[in-house]
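Everything on this sheet refers to the single structure shown next.
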Amino acid sequence: MEAILNVNNLSVNFDTSQGLFKAVDDISFSIKKGECLGIAGESGSGKTQTFFSITGILSDNGSAIGTADFNDVDLLKLTEKELSNIRGKKIGFIFQDPMTSLTPHMNIGNQLIEVSMVHEKKTKNEALKKAKEVLDIVKLPRIENLLKKYPHELSGGMRQRIMIGISLMCDPLFIIADEPTTALDVTTQKEILKIFNDLKRFKDITIALISHDIGVISEVSDTILIMNEGKIIEKGNCQEVLISPKHEYTKHLLSCVPEWMK
Numbered sequence: 001m002e003a004i005l006n007v008n009n010l011s012v013n014f015d016t017s018q019g020l021f022k023a024v025d026d027i028s029f030s031i032k033k034g035e036c037l038g039i040a041g042e043s044g045s046g047k048t049q050t051f052f053s054i055t056g057i058l059s060d061n062g063s064a065i066g067t068a069d070f071n072d073v074d075l076l077k078l079t080e081k082e083l084s085n086i087r088g089k090k091i092g093f094i095f096q097d098p099m100t101s102l103t104p105h106m107n108i109g110n111q112l113i114e115v116s117m118v119h120e121k122k123t124k125n126e127a128l129k130k131a132k133e134v135l136d137i138v139k140l141p142r143i144e145n146l147l148k149k150y151p152h153e154l155s156g157g158m159r160q161r162i163m164i165g166i167s168l169m170c171d172p173l174f175i176i177a178d179e180p181t182t183a184l185d186v187t188t189q190k191e192i193l194k195i196f197n198d199l200k201r202f203k204d205i206t207i208a209l210i211s212h213d214i215g216v217i218s219e220v221s222d223t224i225l226i227m228n229e230g231k232i233i234e235k236g237n238c239q240e241v242l243i244s245p246k247h248e249y250t251k252h253l254l255s256c257v258p259e260w261m262k
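Following the working numbering, the residues of the sequence shown are numbered contiguously, the last one being 262.
Here you go:
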């Protein structure tokens, strides 16, 4: 199966008051079409900055070198305008805290349809039809009532489902999910992870699942990268790495997996 993303010799640096900080240190990896790549590591390991860098959303003091070929286009060579045509359309994002990603004064229906109207130039009715389809995919009930609600009126789990729905509005080829189950209860975590499995299995969507929790990653991922201090220290088939970890740091992460995921 061909790779949808090939990253080679990627390094990410930040210019700080203490000097240059290397957040990602010369890493290379690929993601095959239709698979889920899990990226595990503790906070500060470089996993999030890896994907922020290749999609052009680093903070102003950050810079990246290397190559990141997405469908044979090097994302690191694109202008901001060119990248903005890919973000949210061909590449969808799901962030850790939906309350900071959703617009508080806009109802859910308008937040969903805005994506299709901006990126795909759909009419309001066309976008509304698509919004109802994606809400059905993420298993949200009473769609008509839900579209009128505001983010603060929903539970954390429902808000995260909305974020997944927004990421699906333009039928992306690739979704980057950054700590999507953090702060959710165990039952809701399981439901969110099932949605990711369904997207991979039935929609053939490629997923990069970033998490400090290797147990979460094991539920969905086909392959896995273990990152520490900006480097990839172990990678391979997810089940093989989890059953026979070679690096002590991987063993440490596995020791933190909750009992319900073992």
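Glycine included, every Cβ here is placed at the ideal spot set by N, Cα and C.
| Query | Result |
| --- | --- |
| To the nearest angstrom, report how far apart residue 34 and residue 223 are at their CA atoms. | 12 angstroms |
| Can you tell me whether residue 193 is helix, strand or coil according to DSSP? | helix |
| How far does the alpha helix (DSSP H) with residue 61 in it extend, from its first residue to its last? | It is not in any alpha helix (DSSP H) - residue 61 carries neither H nor E in the DSSP assignment. |
| Apply the 10 Å Cβ neighbour rule to residue 256 and answer buried if 16 or more other Cβ atoms are within range, or exposed otherwise. | exposed |
| Near residue 128, which residues of its chain fall below 6 angstroms by C-beta distance, leaving aside the five closest residues on each side in sequence? | 113 |
| Please classify residue 155 as buried or exposed, where buried requires at least 16 other C-beta atoms within 10 Å of its C-beta. | exposed |
| Look up residue 227 in the DSSP assignment and say whether it is helix, strand or coil. | strand |
| For residue 79, count the other beta carbons within 10 Å of its own beta carbon; 16 or more makes it buried, fewer makes it exposed. Which is it? | exposed |
| Using the three-state DSSP reduction, which class does residue 51 fall into: helix, strand or coil? | helix |
| Whose C-alpha, out of 92, 100 and 206, is nearest the C-alpha of residue 164? | 92 |
| Just the Cα atoms here: how many angstroms apart are residue 75 and residue 160? | 27 angstroms |
| If you drop the 5 nearest sequence neighbours on each side, which residues of the same chain put their C-beta closer than 6 angstroms to that of residue 250? | 226 and 234 |
| With a CB to CB cut of under 7 angstroms and the five nearest residues on each side skipped, what residues in its chain are close to residue 48? | 178 and 210 |
| Quick one: any contact between the segment 3-11 and the segment 22-38, if contact means 3 or more CB pairs under 8 angstroms? | yes |
| Between residue 149 and residue 247, what straight-line distance do the alpha-carbon atoms span, to the nearest angstrom? | 47 angstroms |
| Quick one: give me the first and last residue of the alpha helix (DSSP H) that residue 83 is part of. | 80-84 |
| Quick one: what's got a C-beta closer than 8 angstroms to residue 275's C-beta in the same chain, skipping five residues either side? | Residue numbering for the chain in the displayed model covers 1 to 262; residue 275 lies beyond these limits and cannot be assessed. |
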